[in-house]
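Q:
Residue numbers (this note's numbering): 97 to 404.
(1) Note down the Cα distance separating residue 185 from residue 114, rounded to an integer number of angstroms.
(2) Answer yes or no: does any C-beta atom of chain D fall closer than 8 Å to that of residue 238?
(3) Just the Cα atoms here: how many angstroms apart are residue 157 and residue 382?
(4) Which same chain residues, not among the five before or five after residue 358, have their C-beta less than 7 Å away from its C-beta?
(5) Can you list the alpha helix (DSSP H) stretches of 4 or more residues lying completely in the region 311–384, in chain order?
(6) Have a look at the DSSP bridge pairing and note the partners of residue 305.
(7) Does the region 324–339 come close enough to the region 273–282 to have 3 or more Cβ pairs within less than 8 Å?
(8) Looking only at its own chain, which residues have a Cβ that is under 6 Å from the Cβ of residue 269, when we skip the five neighbours before and after it?
(9) Taking Cβ to Cβ, would you say residue 146 is nearer than 8 Å to residue 216?
(10) Quick check on DSSP: helix, strand or coil for residue 249?
(11) Specify the secondary structure class of residue 395 as computed by DSSP and reduced to three states.
(12) First and last residue of the beta strand (DSSP E) that includes residue 104?
(13) Can the beta-carbon of residue 148 be found closer than 8 Å to that of residue 225?
(14) Where residue 276 and residue 140 are concerned, what is the direct C-alpha to C-alpha distance, given to the nearest angstrom?
(15) The alpha helix (DSSP H) with residue 123 in it runs from where to where?
(16) Identify, in the order they occur along the chain, each residue of the same chain with its Cβ nearer than 8 Å to the Cβ of residue 391, setting aside the five sequence neighbours on each side.
(17) For residue 130, which of 161, 101, 110, 150 has the nearest alpha-carbon?
(18) Per DSSP, residue 280 is paired with what?
(19) Quick check on residue 167: does DSSP put it in helix, strand or coil?
As structure tokens, this is what we get:
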């Protein structure tokens with residue numbers, strides 16, 4: 097899915113930890129084969145080649161698509177899994193590590209308006225037959241929500257298979273449970289979007305998930321100026337927002353990812369209102385570097401770190 101994966105596992109002994117890690121790595125590979133847009137043979141990309149017709153998918157992919165449509169509804173459309181063509185038009189047509197440092201000619205990457213006029217509301221789901229109908233010309237990119245869901249799946253499998261504790265990190269979508277050591281919770285560093293390599297805060301969790309969306313990540317130069325990977329569904333272009341980064345804590349990484357992205361796109365005022373509606377804590381970092389804690393986020397901060 098174009099992201100790095102790391103696992104930290106607490107187990108009864110080294111052999112048990114190694115066995116758990118190998119099975120977790122296999123699960124990540126299986127899910128990548130289903131959901132990556134960077135693999136033309138993935139189940140998702142095959143589905144995207146069959147728009148305008150009913151197409152059967154496996155239970156994991158069907159459940160993820162259903163969750164993506166629910167996320168679209170819960171965020172009032174700010175999370176939109178149908179923006180693949182707009183993302184490609186912005187220059188993100190391959191995995192980020194292959195984009196390079198050059199200036200990307202936007203005219204060569206298609207039309208951001210491709211797929212406009214149709215959206216998630218027009219996607220048909222047949223739950224009995226696990227069939228999906230994408231309207232003609234509409235392609236899915238499950239990107240971030242797929243990473244979050246994969247982290248949730250791996251963490252749950254580790255728990256069921258006897259891990260004492262674990263930290264699963266898939267491209268910054270993080271799930272933790274149990275203890276790192278005896279009675280020691282997990283510490284999760286939040287990157288400072290204005291100071292690469294520095295930490296903005298340290299979160300302490302015993303169980304749950306964290307995800308960060310940031311305009312400071314996955315940026316590139318184009319003939320139309322700087323671009324990033326967070327597409328605003330209202331404009332079908334990289335989001336213009338007063339927020340630089342958003343970190344959300346939730347029970348599941350999938351939902352932390354969804355709301356971190358939606359809040360960043362929405363901006364500080366509308367985003368804070370959305371967080372209040374769903375009851376999720378967050379850290380918001382605006383372009384001036386001001387950090388705002390929303391909800392009960394301060395309860396997760398190490399040593400009661402205060403927003404600056």
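Cβ atoms here follow ideal geometry from the backbone N, Cα and C, with glycine treated the same way.
Values in this document were obtained by computation on a predicted structure and should not be read as measured data.
A: Concretely, from the data shown:
(1) Between the alpha carbons of residue 185 and residue 114 lies a gap of roughly 42 Å.
(2) Of the protein chains in this structure there is only one, and it is not chain D.
(3) Computed Cα separation, rounded: 35 Å.
(4) 171, 174, 175, 370.
(5) Those alpha helix (DSSP H) runs which fall completely within the region 311–384 and span 4+ residues are 349–362, 364–374.
(6) Listed as beta-bridge partners of residue 305 by DSSP are 271, 346.
(7) No, the region 324–339 does not touch the region 273–282.
(8) Contacts found: 243, 244, 247, 307, 349, 353.
(9) Against a cut-off of 8 Å, the Cβ pair of residue 216 and residue 146 comes out as no contact.
(10) Residue state, collapsed to three classes: helix.
(11) Looking at residue 395 - three-state DSSP - the assignment turns out to be helix.
(12) Per DSSP, residue 104 is one residue of the beta strand (DSSP E) stretching across 101–106.
(13) The answer is no: Cβ separation not under 8 Å.
(14) Rounded to whole angstroms, residue 276 to residue 140 spans 35 Å at the Cα level.
(15) From DSSP, the alpha helix (DSSP H) with residue 123 extends over 110–131.
(16) Excluding five sequence positions before and after residue 391, the CB atoms of its chain that fall closer than 8 Å to its own CB belong to 371, 372, 375, 376, 377, 378, given in chain order.
(17) It is 161 whose Cα lies nearest to the Cα of residue 130.
(18) In the DSSP output, where bridge partners are listed per residue, residue 280 has 277.
(19) Of the three classes helix, strand and coil, the one that applies to residue 167 here is helix, per DSSP.
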